[in-house]
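Residue numbering for the sequence shown follows the UniProt record's numbering, starting at 1 and increasing by one per position. Ideal placement from N, C-alpha and C gives every residue a C-beta, glycine not left out. Owing to the predicted nature of the structure, the values given are computational and were not obtained by experimental measurement.
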Amino acid sequence: QKVQQYIVIVQATDMEGNLNYGLSNTATAIITVTDVNDNPPEFTTSTVSINTSARSLRRGVAWQQEVVRGGTPHAMCTRVLTHSPFGFSRPRGPREKMQHSNRSFDYEMNRAFMLTVMVSNQAPLASGIQMSFQSTAGVTISVTDVNEAPYFPTNHKLIRLEEGVPTGTVLTTFSAVDPDRFMQQAVRYSKLSDPANWLNINATNGQITTAAVLDRESDYIKNNVYEATFLAADNGIPPASGTGTLQIYLIDINDNAPELLPKEAQICEKPNLNVINITAADADIDPNVGPFVFELPSVPSAVRKNWTITRLNGDYAQLSLRIMYLEAGVYDVPIIVTDSGNPPLYNTSIIKVKVCPCDENGDCTTIGAVAAAGLGTGAIIAILICIIILLTMVLLFVVWMKRREKERHTKQLLIDPEDDVRDNILKYDEEGGGEEDQDYDLSQLQQPETMDHVLNKTPGVRRVDERPIGAEPQYPIRPVIPHPGDIGDFINEGLRAADNDPTAPPYDSLLVFDYEGSGSTAGSVSSLNSSSSGDQDYDYLNDWGPRFKKLADMYGGGEED
């Protein structure tokens, strides 16, 4: 354990070892010390204290106590816990784990453990060694309490009951247990998963009641079992929770009446050509299904008169014609089907049967296509009447539109169409060369900022927007109560004042324009004058129509007016 190998150098000298005259040489001797089991194992300390939680104790307590031993094969040791439910895990180097043989260890059952660990060599000690071949140490494990999650003792819990129990029925009490018995904690319950929302759970005691009628034929049922998950949580610090699953096995009851398939069928109008195969289906399971009973109702009487049904086996039957001929069309054939449940349930299913003329192969002919499509005589007559009514309405609308258009064209205008300029396009002759006549002085069109150039401008050329400087004439004042005979005098005086007003636009000044063409075919308008010295003939107003009748009565009468 101290020196495993010795290296010795030996020197030999002749001449009696005289270093001055003798010759010498050296040799090396290697001495290896082999180990024998002369040291038993020994703990470095005789007592060990460990503090751990119950959860950690279930996983195992790390054993970190070093054992004094040599580095040879004789150092292999065996540890033994005497009179203890704990045991050592497989050694992995100097560190090992002590594990309790019962993984359901609870703090409330054991708060501390006193253990004795004994260690010994696997090989016996060498002879002559007067020492103990083993060493012991005391281990004290103190368990600390932590908040543990509540758990459901029976998880998954299975109950059996019949489907269709009413709402509010108490099914069971699904309660959890809080392992922390020394902690005053409350456990509350809630739903974690309820696919069909069929259940309610009491938050304080875990009592489960129905919130809806449980139906075994629902899509939420798998193999007759409905499964829901609930949560139990305490109010510890920190809070802990556990889950539990409740499985409800639903026992079938006869709550579904049978149905017939198919809902629609086709048959020839003469018997012995083909039949209709009927199948009964029931959502329930045995013994609430077949064998089924098929029969035709007695009301209306035409059903049994025209049709007959033959049972083939417990689930199948055949529908065929009883009479030799049945008119083509669509018939609603009621069939009563009854199951074998206790008590039995029956249902009257309506099968739409299309009766049509058939060929030799039993297929509907083209002639019977209308009837096979479901259009009977009454339906065809109703459709024809609707078409006739629609066509009549369209015809009346067309006649009304034509009459309205005729009245519009025959209505006389109140004025001569040649004189009516409303909505008409007036055509004028060309008045210039367009863009070719753009060579003029634009300064003539600019708005003057002051009136100095007007005051200082010599008589001659003026712009149309220049207002001459001069005295403004006085216009006649209209009387407050005009007399009909004074209107003409008032108009003439106003015209005369306007003619003599040089300040009223358009100003009577010499205007200079560019060339605007060779002339107009409309003739000269120089003959128009704003005033007239003679009498004016207003008789032509009578030819202008009713709109000018009032004006013609006023001025067209001559001396009478």
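Rounded separation between residue i and residue j - CA only
i, j, result
"Thr116", "Ala123", "22 Å"
"Gln207", "Pro150", "16 Å"
"Asp284", "Asp219", "13 Å"
"Lys549", "Asp501", "33 Å"
"Asp499", "Met401", "56 Å"
"Arg69", "Pro41", "For Arg69, the pLDDT reaches just 49, beneath the cut-off of 50, and the residue's location in the model is therefore unreliable, leaving the point undetermined."
"Pro179", "Pro258", "53 Å"
"Ile491", "Asp543", "23 Å"
"Glu493", "Glu405", "51 Å"
"Val119", "Ala126", "17 Å"
"Gln318", "Thr338", "16 Å"
"Asp194", "Ile351", "39 Å"
"Ala12", "Leu19", "11 Å"
"Tyr249", "Thr229", "15 Å"
"Ala196", "Thr348", "30 Å"
"Asp553", "Leu495", "22 Å"
"Ile309", "Ile389", "44 Å"
"Ile9", "Thr28", "4 Å"
"Arg311", "Ala328", "26 Å"
"Ala281", "Asp215", "18 Å"
"Gly290", "Asn200", "36 Å"
"Pro334", "Val303", "8 Å"
"Ile50", "Met183", "24 Å"
"Val146", "Lys2", "49 Å"
"Asn25", "Gly17", "11 Å"
"Tyr346", "Trp198", "28 Å"
"Val67", "Thr44", "Here the model assigns Val67 a pLDDT of 49, short of 50, so the residue's position is not dependable, and the following value carries that caveat. Going from the Cα of Val67 to the Cα of Thr44 covers about 6 Å."
"Phe113", "Val33", "44 Å"
"Gln536", "Arg408", "38 Å"
"Glu163", "Lys305", "42 Å"
"Pro153", "Thr173", "12 Å"
"Gln5", "Val143", "49 Å"
"Asp315", "Ile278", "8 Å"
"Asp359", "Thr365", "6 Å"
"Asp363", "Asp332", "20 Å"
"Glu148", "Ala186", "13 Å"
"Pro344", "Val165", "19 Å"
"Val177", "Ala232", "9 Å"
"Ile7", "Ile30", "5 Å"
"Pro357", "Ser301", "24 Å"
"Ile487", "Arg547", "20 Å"
"Val330", "Glu269", "11 Å"
"Thr169", "Asn313", "41 Å"
"Gln447", "Asp489", "Any answer about Gln447 is weak, because its pLDDT of 48 lies below 50 and its placement is not dependable; what the coordinates show is given next. Whole-angstrom Cα-Cα distance: 39 Å."
"Ser132", "Val36", "16 Å"
Span of the alpha helix (DSSP H), counted from its first residue to its last, around residue i
i, result
"Val303", "301-306"
"Ala203", "It is not in any alpha helix (DSSP H) - Ala203 carries neither H nor E in the DSSP assignment."
"Glu493", "487-499"
"Ala552", "549-555"
Start-to-end residues for the beta strand (DSSP E) that takes in residue i
i, result
"Asp332", "329-338"
"Thr245", "241-251"
"Ser193", "187-193"
"Ala27", "24-32"
"Tyr346", "346-356"
"Pro281", "Just to set this straight, residue 281 is Ala in the shown sequence, not Pro. Here the beta strand (DSSP E) through Ala281 covers 276-281."
"Ile267", "264-268"
"Phe230", "225-234"
"Glu295", "293-295"
"Ala12", "5-13"
"Glu259", "259-261"
"Leu171", "170-173"
"Leu321", "316-321"
CB-CB length for residue i against residue j, believed under 8 Å
i, j, result
"Ile251", "Arg160", "6 Å"
"His156", "Thr243", "Wrong, their Cβ atoms sit about 11 Å apart, outside the cutoff."
"Ile253", "Val353", "That belief does not hold up - the Cβ atoms of Ile253 and Val353 are roughly 34 Å apart, past 8 Å."
"Arg181", "Ala203", "About 22 Å; that fails the 8 Å criterion."
"Ile129", "Asp38", "5 Å"
"Leu158", "Gln247", "5 Å"
"Tyr540", "Tyr555", "So it is not a contact: roughly 10 Å between Cβ atoms."
(message) I want to know whether the region 233-241 touches the region 210-224 - three or more CB-CB distances under 8 Å.
(response) Touching, no, given that fewer than three Cβ pairs across the two stretches are closer than 8 Å.
(message) Whether or not the region 288-303 and the region 378-386 are in contact is what I'm after, with contact meaning three or more pairs of Cβ atoms, one per stretch, closer than 8 Å; do they touch?
(response) In short, these stretches do not touch, since the Cβ pair count stays below three.
(request) List in chain order: all unbroken beta strand (DSSP E) runs of 3+ residues lying wholly within the region 106-166. (result) With a minimum length of 3 residues, the unbroken runs of beta strand (DSSP E) contained wholly in the region 106-166 fall at 112-121, 134-144, 157-162.
(message) Can you confirm whether the region 208-216 touches the region 259-269 when touching is taken to mean that 3 or more C-beta pairs between the two stretches lie within less than 8 Å?
(response) Contact between the region 259-269 and the region 208-216 is absent, with fewer than three C-beta pairs closer than 8 Å.
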